[in-house]
Amino acid sequence: MIPPERRSPGSDQATGGTFQDTEQASGSHSSSTGLAIPDLHDDTDMLTAAMAYAKAGWYVLPTDPRDIKNPGSVVGKGWHSQSSRDPKVLAAWFAGTDYGIALHVGRSGAVVFDVDTPSNVPDVMRPHLQAAPYQSTRPDQERRGHYIFAAPPGRTIGNSTGKLGGAWGEIRGTNGVIIAAPTPHPRNGEYRWLTTGLVPALPDELGDLLPDGTPSADAATDAVVNQFVAEHTAAQRPELLTAVVDKLRADIAAGNSRHDSTMSALAWAMREAAAGLYPAKDAAERVWSVFKEAVLQDGSRTEQAAHNECWGMFSWAVAQALGADPEEVRRGAEERVSGEAFSFNPADWGIDVGQDADNANRAAEEYKPFAFQRGGAFIFDRAEVPRALWGSGDEILWAEGESLMIAGGMGLGKTTLLGLLIRAQLRLTGCGDGTLLGLPVAPVQGRVLALLMDRPHQAARALSRQFDTADRDVLDDQLMIWAAPPPADLAKRPELLLQLARDADAEVVFLDSVKDAAVGLSEDAVGAGYSRARSLLVADGRQLCELHHVTKRGANGGPPKEAADIYGSAWITNGTGSIILLAGEPGDPIVECRHVRQPVEEVGPLTLLHDHGAGTVVVHHHADLVELATAAQENGLTARDAAAALFCRNADATPTQAQIEKARRKLDRLATLGLLTAVKGATGGHVKTPTAWFPANAAVTL
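Each residue of the sequence shown is one higher than the last, beginning at 125 in our numbering.
Written as structure tokens, this is what we have:
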């Protein structure tokens, strides 16, 4: 294999079939760490800047100006293995385009301190930041921006701030990128290097306060790759390499993706090389030979482009191998040799291939074309208002095809609402007319799956207070229960949630709770993984209601009252269709209910009466705007008065402008339905009067 940027020990070929150890395209580096920040003039164009960064040791990626901070916005999901320092690749990306520049921090061997709040920087950081190259991101906020260090040898720094806390900003390490000058800033800021030059090694005083990341989260650095090749030269079972190469040839011959097939083969081979079965160098060169032959044959890539692509895949495969258990790999190899059925599936070995392809083992499966929808049908052939699973008209708490999240603190009735929803869906004893909180619940004819992962025994006792023994047969037939932690972390195995639903033959899934479904919810990678699990389930035509917890306090120490107050990464809430937020003290019978994300229009706010012992939740207070307009018939009901009734729980409170606008929309909707009549206020002259709403059947005197 011939990576375009480096050469192997003893190789005197500029191109050929070996690793490279000396600098080629990237030029020599001027610091012992191998990294520097180049001096860029104000009028430097993107291509020139990208070349300068590459020469200074940085792996570079292009970013689309419409999504400038997304490192995969141009090259796609496989950006981790596609960053480059090759001048020809950079020229193809940046010549004649308006792409921005992203520096691939992890693969370049760097650690970046991204300071958002300089006043909160810990004292231990301050002297070291002053010695580092510094890129300002906001000219009006002094010392806010990126501070650059080289990662310590032998360590993989992740993206956690560790013992440094998070009040000051973030760490960019493995799997991290930063956007660099002269890229335009997307939010009225400016990327500008105020300190350039050599990149110093991360001081031990800071490094000791940061935890290691996961090596497999990103492509390995060049130094790590070359060290891996130098160390893994054992050849206990060299004949086993033939199976890897033959499998790759067969996959490519079958028409499978050459990139994905090669990535899978390299991941397999590097794990076995790390286990001492055959030399890493031999494995990489044989895989490279097959890949090169395949892509050069049809002219889809130049040899240099093929080198760059394969080097990126190889760097990624080395990172996966570093986290492998050699004994486990050897056992798998012995099973293969003994004749037992064996196929390499990266996911089975703990390899996360989601970052580089939807499925790096797709090459081992029969190819099936993806199914698409026609644009006109997708856009126009759907109801203007979604079908309500819980709600009516445009007051919908749970819409078909969109997940519902019920979030709140302990003891506020989340599990009680879960039981009442199931009871109404299955039309069981006690559900009355099938309404809950005054809104109808659509019946479910198929099965319902309840994933009771948070204190299942307590959940069972709560449900026993809501269901009648007369419904036992229906419950046995239509309600499936999973009363344990999930079989695996749903963020790491997103397909597992759908698998559970399919195995239960369930059309509706209740998940209690999100905190038990995945570990590390505050991490964006975990939140995105869980969100993918949700999306896969909903895309399969199944419905999801999930229970979740909130932070202890909302903004300014008050009770949680918005989506941002829900615990964990923003990706957890970003994928929901509707969010009900419950607020109050644990065990209180009076609970505030806010509809903080809506499929159509906002429902409420509501004040609920929660009877934990009886297992019931009913509306305790709800401002009826038609009744209020009737009571205020002489002068009518203004939007401000309506907002005060809806949102303010004490007479001294004043509604916000946002609350007034919400109330105005509710009043307008009632007028559209023919329940109210709006009389426009006067805006000219010396006297201004607000618009007022009156009962539709009332005689209005102007």
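Glycine included, C-beta positions come from ideal geometry on N, C-alpha and C. What you are looking at is a predicted structure, and each value in this text was computed from that prediction instead of being measured.
Using a 10 Å radius around the Cβ and a threshold of 16 neighbouring Cβ atoms, would you call residue i buried or exposed?
i    : result
A255 : exposed
N299 : buried
D346 : buried
S385 : buried
D600 : exposed
H588 : The sequence given here has Ser at residue 588, not His. The residue in question, S588, is exposed, as its Cβ has fewer than 16 Cβ neighbours within 10 Å.
D664 : exposed
D689 : buried
V715 : buried
H356 : buried
R395 : buried
G805 : exposed
T780 : exposed
G289 : exposed
E433 : buried
V235 : buried
R296 : buried
D264 : exposed
A448 : buried
A374 : exposed
N312 : exposed
K812 : exposed
T280 : buried
A389 : buried
I503 : exposed
Q569 : exposed
Taking only three categories from DSSP, how would you classify residue i?
i    : result
W292 : coil
G321 : strand
P327 : coil
A95  : As displayed, the chain neither begins before 125 nor continues past 826, which places residue 95 out of reach and without an answer.
G134 : Confidence in G134 is poor, its pLDDT being 29 and thus under 50, which makes the residue's placement unreliable; the coordinate value appears in the next sentence. G134: coil per DSSP, three-state reduction.
L794 : helix
E758 : coil
A806 : coil
R571 : strand
L624 : helix
W522 : strand
H431 : helix
T280 : coil
L270 : Going by the sequence as given, residue 270 is His instead of Leu. The answer is strand: DSSP assigns H270 an E or B state.
G562 : coil
P242 : helix
W182 : coil
I192 : coil
E716 : strand
F237 : strand
H673 : coil
R85  : The displayed coordinates of the chain run from 125 to 826. Any statement about residue 85 would go beyond what the structure contains.
Q259 : strand
H309 : coil
S527 : coil
Q497 : coil
Quick one: what's got a C-beta closer than 7 Å to residue i's C-beta in the same chain, skipping five residues either side?
i    : result
G321 : A160, I161 and P257
V743 : L561, G562, L730 and L732
G798 : A820
L164 : A173, A176, A305, P306 and W317
I784 : A763, R764 and A767
Enumerate in chain order the residues of its own chain whose CB-to-CB distance from residue i is below 6 Å, with the five nearest sequence positions on each side excluded.
i    : result
M529 : E670, H672, T700 and I703
Q360 : G400 and L401
D656 : Contrary to the premise, residue 656 reads as Arg rather than Asp in this sequence. Contacts found: P618.
I376 : R382, S385 and A418
P611 : none
A747 : A769 and L770
L575 : W606 and L635
Would you say the beta carbon of residue i comes nearer than 6 Å to a heavy atom of the ligand ZN?
i    : result
S208 : Absent from the structure shown: the ligand ZN. Ligands present: none.
Going by beta carbon distance, what residues of the same chain come within less than 8 Å of residue i, once the five residues before and after it are set aside?
i    : result
R666 : L622, A625, A630, E631, V632 and V633
Three Cβ pairs or more, each shorter than 8 Å: is that satisfied between the region 530-537 and the region 732-747? yes
Quick check for students: name the residue ranges of the alpha helix (DSSP H) that lie wholly in the region 339-380, counting only runs of 4 or more. 346-355 and 365-377
Can you find at least 3 beta carbon pairs, one from the region 647-659 and one from the region 501-516, that sit closer than 8 Å? no
Should the region 410-419 be regarded as contacting the region 188-202, the criterion being three or more beta carbon pairs within less than 8 Å? no
What runs of the beta strand (DSSP E), each 3 residues or longer, lie entirely inside the region 718-772? 730-735 and 740-745
Would the region 258-275 and the region 302-318 be scored as touching if the rule is three or more Cβ pairs under 8 Å? yes
What beta strand (DSSP E) runs, 3 residues minimum, are completely inside the region 573-619? 603-606
Determine contact between the region 237-254 and the region 205-225, defined as no fewer than three beta-carbon pairs at a distance below 8 Å. no
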